[in-house]
Each structure stands twice: as structure tokens, then as C-alpha cells.
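Residue numbers (my numbering): 13 to 183.
Reading through the C-alpha cells given below for one structure.
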């Protein structure tokens, strides 16, 4: 609510992050992940304005595919009007139940439509992942060995491999 009346309201996060000088050789961080709500609001627009790329979690459920097409349109609008460097870094399938035909169909449709944008790592539906926030802990701290935490560790590895590959292509 406070952002809506401020000047330059869509770029407040970008301004704050620039003050950290993340692009310098002395930067404290190689990557900054900004977790956004699944709705489009001023906080999300700020995150998109401040970002180089978007990592999209896609629940393996029917309506999630519709939401993904809306997100793609939003990213295109942000690219045209606010942040021309914004790109989709990848799509991560989450809450997947391999015993469920719908999950498998969503995965097949996503891979068919988005190809290599979809990560190979798939995050399963996992009770321990759901329990972690109620204990005030990240899943990886709450239960490092559960299937969900193991999947997120694999996703981190795959993310870093993609980034290293992308950097090699740029050189």
C-alpha cells in the first residue's frame, strides 16, 4: 500500500539492489533470488523491474498452465515497458506426483511447449516441504534428506550448470 503513492514506485527494489553494487568483482552475492507471491501486484512488478531473469515454479496442476501463459504475457509487457533485459531463465515443475496422470500430462505439455526452458529436476509433492514453513524453517534445514529437499538441492546444481554454460556461450 505504501508503494502505490511513492514516486518511481515500480523501480524501488531495483534502486535498493543497485546500492549493493551486485555486478562488481567485490560483490557479496553471485545471485539474488526474489520470491514473489503468485499474484501480479506492485511488489511483483518491482521484482520484475529489478531482475535479469525469472525462474518460474509451475505446479503440476491443470490451472497452473493457464497461469503460466498469463505470466508469459506479463513478462512480455514488463520487457516492453519497464525492463527490456528481463528474460525467462527457466521453469521448474513443482508439487509433482508421479502416480498422478494429471501431473504427468502437465509435465508433458510444459516440456512440449517450452522445451529446454523446463528444468530436468522435478520437485515432488512432499509433506515435509509443506511442514517446514509452520516450523519457521527452510525445507532444506527442516529435513535435508526428504525427497523435496533433495530435489531442491538437485535444482540448485542444475541452475548453476545452466548459468556456467550460459557464461561460456557469452565468452
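Note that CB positions come from ideal geometry on N, CA and C, so glycine has one too.
Predicted, not measured: the structure shown is a model, and the values here were computed from it.
request  = Would you check if the distance between the CB atom of residue 160 and the CB atom of residue 141 is smaller than 8 Å?
outcome  = A contact, by the Cβ cut-off of 8 Å.
message = Using the three-state DSSP reduction, which class does residue 161 fall into: helix, strand or coil?
response = helix
request  = Closer than 6 Å by C-beta to residue 126: which residues in its own chain qualify, once you throw out the five before and the five after it? Chain order, please.
outcome  = Closer than 6 Å at the Cβ level, and outside the excluded window around residue 126, lie 103.
ask   = Hey, residue 115 and residue 72: beta-carbon distance below 8 Å or not?
value = yes
key: Entirely enclosed alpha helix (DSSP H) segments - the region 26-62, minimum 4 residues   = 54-62
request  = Please work out which residues of its chain come closer than 8 Å, Cβ to Cβ, to residue 90, disregarding the five sequence neighbours upstream and downstream, and give them in chain order.
outcome  = 57, 60, 61 and 98
ask   = Closest by CA to residue 25, which one among 51, 112, 55 and 124?
value = 55
message = Given this structure, state the Cα-to-Cα distance separating residue 108 from residue 88, to the nearest angstrom.
response = 27 Å
ask   = Quick one: what does DSSP say residue 173 is sitting in, helix, strand or coil?
value = If DSSP states are grouped into helix, strand and coil, residue 173 belongs with the helices.
key: Secondary structure of residue 145, DSSP reduced to three states   = helix
request  = Kindly give me the distance between the Cβ atoms of residue 105 and residue 130, rounded to whole angstroms, as I take these residues to be in contact under 8 Å.
outcome  = 7 Å
request  = Could you give the DSSP three-state label for residue 73: helix, strand or coil?
outcome  = coil
Distance, residue 133 Cα to residue 184 Cα = Residue 184 is absent from the model: the chain starts at 13 and stops at 183.
message = Could you compute how far the alpha carbon of residue 95 sits from the alpha carbon of residue 163?
response = 31 Å
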